[in-house]
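Engineer: After the structure tokens below, expect a handful of questions from me.
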Amino acid sequence: MRILLDENLDWRLSRGLLGHEAESVARLGWAGIQNGILLKKAEETGFEVLITMDSDLSFQQNLAADPLKIIVLRARSNRLADTIPLTAKILHVLPYLENGRVTVIE
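For the sequence shown, numbering that gives the first Met the number 0 begins at 0 and goes up steadily by one.
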């Protein structure tokens with residue numbers, strides 16, 4: 000799967016997503032783009048999954064019609080040391096994600 004890491008996550012988290020093509024908003028030069036525009040841009044460029052720590056995303060956007068699958072991480076902080084332990088759970092849920100749905104991993 001093509002996975003996009005939101006700008007609130009360390010790009011190095013992508014290293015733990017083995018077997019998937021993962022890129023970060025920051026490394027693509029998309030930092031600062033508003034969520035609605037970011038979701039559209041991600042879809043247009045072939046991303047299938049967005050991983051974020053923005054728990055308000057589902058309230059800010061109408062995701063039901065969106066083809067992206069969304070994972071919201073809940074960790075102590077967005078530091079790599081706090082998010083990297085969640086990679087096994089991310090890898091486990093990826094095959095079961097549904098378009099336009101938010102999956103929370105903690």
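Backbone N, C-alpha and C fix where the C-beta goes; we use that ideal spot for every residue, glycine too.
A quick note: this is a predicted structure, and the numbers were derived from the prediction, not measured.
Using DSSP with H/G/I as helix, E/B as strand and the rest coil, what is A30?
Structural biologist: Counting from 1 along the sequence shown, the entry for residue 30 is found at position 31. Coil, per DSSP.
Engineer: List the whole-angstrom C-beta distance separating I2 from V48, where the pair is believed to meet the contact cut-off of C-beta under 8 Å.
Structural biologist: For this step, residue 2 is matched to residue 3 along the sequence shown. For this step, residue 48 is matched to residue 49 along the sequence shown. At roughly 5 Å, the Cβ-Cβ gap stays under 8 Å, so I2 and V48 are in contact.
Engineer: Counting contacts by CB-CB distance shorter than 7 Å, is A74 in contact with chain C?
Structural biologist: Within the model displayed, chain C is absent; a lone protein chain is all it includes.
Engineer: Measuring alpha carbon to alpha carbon, tell me which residue in A25, V71, A41, G18 is nearest W10.
Structural biologist: Sequence index remark: in the sequence shown, residue 10 carries index 11 (1-based). The shortest Cα separation from W10 among A25, V71, A41, G18 belongs to A25.
Engineer: So what's L4 in DSSP terms, helix, strand or just coil?
Structural biologist: As a first step, residue 4 is located in the sequence shown; it is residue number 5 there, counting from the start. Three-state result, L4: strand.
Engineer: What number of angstroms, rounded off, separates the C-alpha of N34 from the C-alpha of N98?
Structural biologist: By 1-based counting over the sequence shown, the position of residue 34 is 35. By 1-based counting over the sequence shown, the position of residue 98 is 99. So the two alpha carbons sit approximately 17 Å from each other.
Engineer: Using three-state DSSP, classify S23 as helix, strand or coil.
Structural biologist: Here residue 23 is taken as the residue at index 24 of the sequence shown, counted from 1. Strand.
Engineer: Just confirm the distance between the C-beta atoms of T44 and N7, as a whole number of angstroms; I'd bet it's less than 8 Å.
Structural biologist: Within the sequence shown, numbered from 1, the residue matching residue 44 stands at position 45. Within the sequence shown, numbered from 1, the residue matching residue 7 stands at position 8. The Cβ separation is near 19 Å, so there is no contact.
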